[in-house]
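Inspection log for the structure reproduced underneath, given as structure tokens.
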Amino acid sequence: MNIVAEQPWLWAGLLAYLVATLVAMWGLSPRLAGSESVQSRRHERVVLGAIALGVLLLTIAIAVRWVRIGHGPWLNLFELLMSQLWSLGLIYALLYWRLPGLRPSAAIVMLVMWILGSWVLLLEPADSHFPATYYNFWKWFHVGLGKIFLALMLAGVGLGGVMILRRTERGRQWFRAMPTDAAIDKLAWRLMMLALVFDSLMLITGAVWAQDAWGRYWAWDALETSAFFTWLLLAVGLHVRLSFKVPPWLSGVIIISIFALAFVTYFGTPYISPSAHKGMV
Amino acid sequence: MVQILQALASLKLTLLGMVLLGIGAALSYGNPEHVSVWVLVAPLALLAINLAAAIITNPRINRQPGLLVFHVGLLGMVLLAGIGRLTHLDAHLEIAQGQAFSPELLMDVREGPWHAGALDKVAFTQGRFTVDYAPELRRGLTHSQVFMPQPDGSVLEVDVGDDRPLVLERYRFYTTHNKGFAPVLTWIPADGEAVSGRVHMPSYPLFEYKQDNHWTPPGTEEDIKFWLQLDTGMTLEDSWVLDGRNSRGVLVVTSGDQRVELKPGEETRLPHGRLRFDYLTTWMGYRVFYDPTIQWLFFVSVAGVFGLGQFFWKKLSLTAWTDDDSETANKRGSV
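If you read the sequences in order, they're chains Z and G. Residue numbers for the first sequence follow our numbering, so the first one is 13 and each next one is one higher. Residue numbers for the second sequence follow our numbering, so the first one is 102 and each next one is one higher.
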């Protein structure tokens with residue numbers, strides 16, 4: 013197996029995320045509820061520091077690869093996963109810092125991040141070809157807005173997971189330091205509202221890019237259809253909440269379902285269909 | 102009347118419309134020809150009626166400027182997308198180097214019933230083009246030279262390609278992967294006027310292995326087969342530039358039992374006349390797109406999302422993000 017220049021930085025970044033995951037999980041343990049470290053929330057600083065360190069190391073990994081192959085992480089699955097690990101970590105770290113109420117849910121969020129983390133470890137860091145259609149500057153807005161959307165969804169998944177797990181005694185013990193389910197639910201849906209704004213902007217900028225690059229703004233290809241479903245399900249979720257009294261656990265299920273669809277859109281659809289994003293014809 | 106409007110503005114109707122739109126979107130995946138456009142139009146019409154009623158009757162929408170802008174924006178997008186479909190034109194075009202554009206050159210034309218663009222005012226002449234290829238024939242940048250006559254009589258040269266379309270009279274011409282070579286031939290019949298024309302060979306390098314075509318001279322039943330043997334410098338191992346100026350071709354002409362190889366400038370005698378291979382040129386395939394609503398769609402959608410952003414910003418900045426207001430937090434419609 014050949015080790016390319018960015019891999020050691022990637023592994024170091026993932027190691028930092030592993031530390032953040034373990035410390036976040038450690039902080040949930042009921043046995044440590046009385047410990048000074050957990051009571052003073054010092055462990056939360058360690059979690060934040062480890063995520064920030066991971067982001068820094070992944071920044072270096074991306075930069076090294078960028079210099080090595082001559083373009084950013086836009087194309088193959090290895091690049092997309094590495095890039096998402098970076099942006100999800102960065103945006104989640106900001107949310108973790110600014111919204112103390114969601115911090116215990118980091119244990120769930122970081123575990124979800126590990127789906128990407130373990131996936132990227134299984135992939136060859138193959139070089140990718142930069143297609144002509146990717147020179148378009150709208151790509152930057154489309155990708156950037158999409159990253160914010162997915163990170164907000166991920167933070168919502170953490171809160172949704174808490175609301176579901178709290179239906180069990182063990183879950184209530186783990187997330188004892190968090191606000192009431194009602195408050196978590198409210199926070200989660202606020203994140204969903206923001207996610208809808210960024211998802212909408214991502215679709216608009218993507219349509220402008222598609223118009224420039226492929227001569228049509230919308231063509232119901234696999235990626236566009238899947239992205240539209242994600243947007244629609246998010247809108248349905250918000251309207252369901254407006255129309256009915258939704259119990260917190262069901263809120264959690266709805267949020268996780270939307271995230272699952274977004275996840276498939278990001279990491280599945282572009283690789284099972286020859287849709288426009290491949291752009292290599 | 103108010104009761105009818107309130108019933109039409111129901112959020113449950115919104116949810117039904119969204120579910121139907123989801124089904125319509127699933128059926129529209131891949132734009133299958135057998136699926137009617139009504140699978141999208143019907144739920145969009147239902148949602149538009151529902152939304153219009155909600156805008157009129159629901160104070161939660163019409164008294165909140167941001168939310169109002171967002172919902173009016175959604176309505177505007179549906180309307181504009183509909184107008185766009187009625188007035189659009191989608192087509193393909195193959196145009197050879199030195200050839201002037203003419204609407205008759207369009208192929209696979211699909212247009213809305215209200216399409217009324219000034220296609221006859223579109224004027225340009227195709228120049229040469231180059232396409233960069235990375236190793237393993239991975240396509241890079243396309244540079245297609247186009248000449249446009251100007252009102253003062255001069256000619257403007259423009260470089261188009263990939264995400265830089267040629268835009269004339271709101272028609273957008275996008276280069277495609279479809280491009281290739283075309284031998285320019287002169288047919289001199291046994292009795293009659295000589296005629297010249299081009300035979301477009303299949304897309305290159307996609308169909309590098311089958312550069313063939315055939316032609317029947319007017320007034321005859323003779324089927325003349327052409328096979329173009331190309332030397333373009335194409336290589337799988339290294340980077341390479343497809344450029345008509347660096348390409349040479351030998352045209353193999355077959356008619357009945359007769360087979361002859363022609364280089365540019367050579368001619369051969371066939372049963373019904375003489376055929377001359379004048380020179381080798383190139384053709385570029387464009388995708389042609391016309392939709393007068395796209396700029397408006399962009400502005401309306403962005404305005405709508407900023408309206409939504411303004412509404413959320415106002416709403417979210419009023420209370421602490423992680424307040425523990427259990428009394429109101431889980432009430433219907435509270436976020």
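In this text, a Cβ means the ideal position worked out from N, Cα and C, and glycines have one as well. All of these numbers come straight from a predicted model, not from anything done at the bench.
With distance defined between alpha-carbon atoms, name the residue in the options nearest to residue i.
i, options, result
"T383 (chain G)", "G:M302, G:T321 and G:Y391", "G:M302"
"I160 (chain Z)", "Z:S52, Z:L208, Z:G82 and Z:V67", "Z:L208"
"E237 (chain G)", "G:Y391, G:Q107 and G:M335", "G:M335"
"L307 (chain G)", "G:G281, G:L286, G:A295 and G:E294", "G:G281"
"V31 (chain Z)", "Z:L100, Z:L123 and Z:V16", "Z:L123"
"W414 (chain G)", "G:G241, G:S340 and G:L168", "G:L168"
"I156 (chain G)", "G:F171, G:P284 and G:A143", "G:F171"
"A143 (chain G)", "G:R164, G:G131, G:M119 and G:N159", "G:M119"
"S340 (chain G)", "G:L109, G:Y234, G:Q411 and G:A126", "G:Y234"
"K364 (chain G)", "G:L187, G:G357, G:H373 and G:S348", "G:S348"
"Q104 (chain G)", "G:A154, G:D191, G:L117 and G:A127", "G:A154"
"I9 (chain Z)", "Z:T281, Z:G264, Z:A24 and Z:F256", "Lying outside 13 to 293, the shown extent of chain Z, residue 9 (chain Z) is not represented and no answer is given."
"G129 (chain Z)", "Z:D211, Z:Q223, Z:R54 and Z:L89", "Z:L89"
"R271 (chain G)", "G:T394, G:S304 and G:V300", "G:T394"
"A146 (chain G)", "G:L117, G:I325 and G:P166", "G:L117"
"F407 (chain G)", "G:L128, G:G174 and G:P133", "G:G174"
"L199 (chain Z)", "Z:T180, Z:S99 and Z:L164", "Z:L164"
"E323 (chain G)", "G:N159, G:L267, G:A404 and G:P372", "G:P372"
"V35 (chain Z)", "Z:L177, Z:L157, Z:K257 and Z:P116", "Z:P116"
"L112 (chain G)", "G:L148, G:G123, G:N279 and G:G125", "G:L148"
"L114 (chain Z)", "Z:W21, Z:V252, Z:W201 and Z:G84", "Z:W201"
"P56 (chain G)", "G:V259, G:Q165, G:Q312 and G:P290", "In the structure as shown, chain G begins at 102 and stops at 436. Residue 56 (chain G) is therefore absent and cannot be evaluated."
"A234 (chain Z)", "Z:V174, Z:G280 and Z:R80", "Z:G280"
Give the interface partners of residue i over in chain Z, defined as CB-CB distance under 9 Å, in chain order.
i, result
"D263 (chain G)", "P143, A144, T145, Y147, N148, D224 and A225"
"L363 (chain G)", "Within 9 Å Cβ-Cβ: nothing; L363 (chain G) doesn't reach chain Z, min ~33 Å."
"Q229 (chain G)", "A small correction: the amino acid at residue 229 (chain G) is Arg; Gln does not occupy that position in the sequence shown. Those do not exist, as R229 (chain G) stays about 18 Å from chain Z at its closest Cβ, beyond 9 Å."
"I162 (chain G)", "None at all; the shortest Cβ gap to chain Z is about 11 Å."
"A409 (chain G)", "Reading off the sequence, residue 409 (chain G) comes out as Leu, not Ala. Neighbours of L409 (chain G) on chain Z, chain order: M205, L208, V209 and S212."
"F202 (chain G)", "What F202 (chain G) touches in chain Z: nothing, since even the nearest Cβ is about 17 Å away."
"F413 (chain G)", "R202, M205, L206, L208 and V209"
Whose Cβ in chain Z lies nearer than 7 Å to the Cβ of residue i?
i, result
"S402 (chain G)", "I216"
"F390 (chain G)", "G227 and R228"
"I196 (chain G)", "The premise fails here: I196 (chain G) is roughly 16 Å from chain Z at the closest Cβ pair, so nothing lies under 7 Å."
"I395 (chain G)", "Q223 and Y229"
With a cut-off of 8 Å on the beta carbons, I'd call residue i and residue j a contact; round off their distance for me.
i, j, result
"G228 (chain G)", "Q246 (chain G)", "3 Å"
"T243 (chain G)", "F225 (chain G)", "At roughly 16 Å, the Cβ-Cβ gap does not stay under 8 Å, so T243 (chain G) and F225 (chain G) are not in contact."
"L162 (chain Z)", "Y278 (chain Z)", "6 Å"
"V353 (chain G)", "R360 (chain G)", "7 Å"
"L187 (chain G)", "M208 (chain G)", "22 Å between Cβ atoms; not a contact."
Just the chain Z side, please: which residues come within less than 8 Å of residue i by C-beta, in chain order?
i, result
"P266 (chain G)", "D224 and G227"
"V406 (chain G)", "V209, S212, L213 and I216"
"F308 (chain G)", "Per Cβ cutoff of 8 Å: no residues; F308 (chain G) is ~13 Å from chain Z at best."
"Q184 (chain G)", "What sits at residue 184 (chain G) in the sequence shown is Ile, not Gln. Simply none; closest approach about 14 Å."
"Y275 (chain G)", "W226 and G227"
Taking residue i as the query, report the chain G residues whose CB atoms sit under 8 Å from its CB, ordered along the chain.
i, result
"S117 (chain Z)", "None at all; the shortest Cβ gap to chain G is about 11 Å."
"M175 (chain Z)", "Simply none; closest approach about 11 Å."
"H154 (chain Z)", "Here the premise fails: no neighbours, minimum Cβ distance about 13 Å."
"H251 (chain Z)", "L112, T115, L116 and M119"
"A247 (chain Z)", "M119"
"V276 (chain Z)", "The contacting residues do not exist; V276 (chain Z) stays about 14 Å from chain G at best."
"L244 (chain Z)", "M119, L122, G123 and A126"
"F240 (chain Z)", "A126"
"V220 (chain Z)", "F399"
Please list, in chain order, the chain G residues whose beta carbon lies closer than 7 Å to that of residue i.
i, result
"A231 (chain Z)", "N132"
Against residue i, what residues of chain G qualify as contacts under a CB-to-CB distance less than 9 Å, listed in chain order?
i, result
"T5 (chain Z)", "Lying outside 13 to 293, the shown extent of chain Z, residue 5 (chain Z) is not represented and no answer is given."
Count the C-beta pairs between the region 367–386 of chain G and the region 133–149 of chain G that are closer than 8 Å, then say yes if the count reaches three, no if not. no
Chain-ordered residues of the region 119–145 of chain G with a beta carbon less than 7 Å from chain Z: M119, L122, G123, A126, S129, Y130, G131 and N132
Would the region 229–238 of chain Z count as touching the region 189–197 of chain Z if we require 3 or more Cβ pairs under 8 Å? no
Should the region 134–150 of chain Z be called in touch with the region 163–175 of chain Z, which here means at least 3 C-beta pairs below 8 Å? no
Just checking, does the region 94–102 of chain Z make contact with the region 54–74 of chain Z on the three C-beta pairs under 8 Å criterion? yes
Is the region 301–319 of chain G close to the region 387–407 of chain G, with three or more CB pairs under 8 Å? no
Which of the residues in the region 214–244 of chain G, read from start to end, lie with their CB under 7 Å from any CB of chain Z? A235, R239, R240, G241, L242 and T243
Count the C-beta pairs between the region 213–231 of chain Z and the region 370–377 of chain G that are closer than 8 Å, then say yes if the count reaches three, no if not. no
Listed in chain order, which residues of the region 324–357 of chain G have Cβ atoms closer than 8 Å to some Cβ of chain Z? none
Check whether the region 244–264 of chain G touches the region 145–152 of chain Z, taking contact to mean three or more Cβ pairs, one atom from each stretch, closer than 8 Å. yes
So does the region 180–189 of chain Z actually touch the region 351–370 of chain G, counting three or more Cβ pairs closer than 8 Å? no
Check whether the region 286–295 of chain G touches the region 196–213 of chain G, taking contact to mean three or more Cβ pairs, one atom from each stretch, closer than 8 Å. no
Chain Z contacts from the region 366–381 of chain G (Cβ-Cβ distance under 9 Å): none
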